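Have a look at the structure below before the remarks.
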Amino acid sequence: MSTRIASVSAAALAALVFCVGTASQAQGSGLSIEAHAKENVSAASIGLPHFPTAKPDRNARSDSAADIGMSFGRFHFRVMVAKYVTYATAANVLDFYRKPLSKYGEVLDCDHGIAVGAVKVAKSGLTCAETQGKRVHAGDDGSTHRELRSGTPEQYRIVALDSADSTPTRFTLVLLEVPKDDDAH
């Protein structure tokens, strides 16, 4: 994921640690605060099907799944991640997820941060770029992997390949919910 998303995730985690102890105080003041961090994320909880031959990627470098989120009144942030590994080709993985992603909107095919398919910008405004205006977009700055994206700039799903030519194929499923622009109303 990008440095910016990683920073937001770190801030969310720090806020989570702080808020867990003060949630009842905040609720008493009329401000609704919700914070959570879970590890039981699957393709289904992200809203996508499980790739038939994929297994959770329990790589020693990182956990295979995470669900981190927080809400403060109208501010809402959530990232759900599930990492998988399969001996199917990268092309098979991408082909498998195109149709399920399409139920969330137009599917962007991004290679090194650039739209390579027919759709360059989804009707919803979602792009392959890390940022558009003040909106934050997940994924890398385009330097490390290929991905499919679908949804809106405030809530979208990503199927990201660690590398398009490695064996086994490692891929990550992501659901990202980011705050809406303040000037979007």
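Residue numbers (the working numbering): 83 to 267. Cβ coordinates follow ideal geometry from the N, Cα and C atoms, glycine included. Being a predicted model, the structure only gives us computed values, none of them experimental.
Exposure label - residue i; buried when at least 16 CB within 10 Å
i	result
ARG231	buried
ALA242	buried
ASP139	buried
GLY155	exposed
GLY207	exposed
THR251	buried
THR249	exposed
ALA294	Any answer about residue 294 is impossible in this case: the structure gives the chain only from 83 up to 267.
VAL198	exposed
Residue i vs residue j beta-carbon contact at 8 Å
i	j	result
THR168	ALA136	yes
ALA204	GLY187	yes
LEU183	VAL201	no
LEU130	ARG228	no
VAL175	PHE133	yes
PRO261	PHE157	yes
Presumed contact (8 Å Cβ cut-off) between residue i and residue j, rounded CB distance
i	j	result
LEU255	ALA164	5 Å
ASP247	PHE253	Incorrect: roughly 13 Å between the Cβ atoms, too far for contact.
Identity of the residues DSSP links to residue i by a beta bridge
i	result
LYS137	VAL167
LEU255	ALA164 and VAL241
ILE196	ASP193
ARG228	ASP193
GLY233	TYR238
Short CB-CB distance (under 8 Å) between residue i and chain C
i	result
ASP244	Among the chains in the structure shown there is no chain C, since it carries only a single protein chain.
Every unbroken alpha helix (DSSP H) within the region 158 to 190, with a cutoff of 4 residues, ordered by chain: 172 to 184
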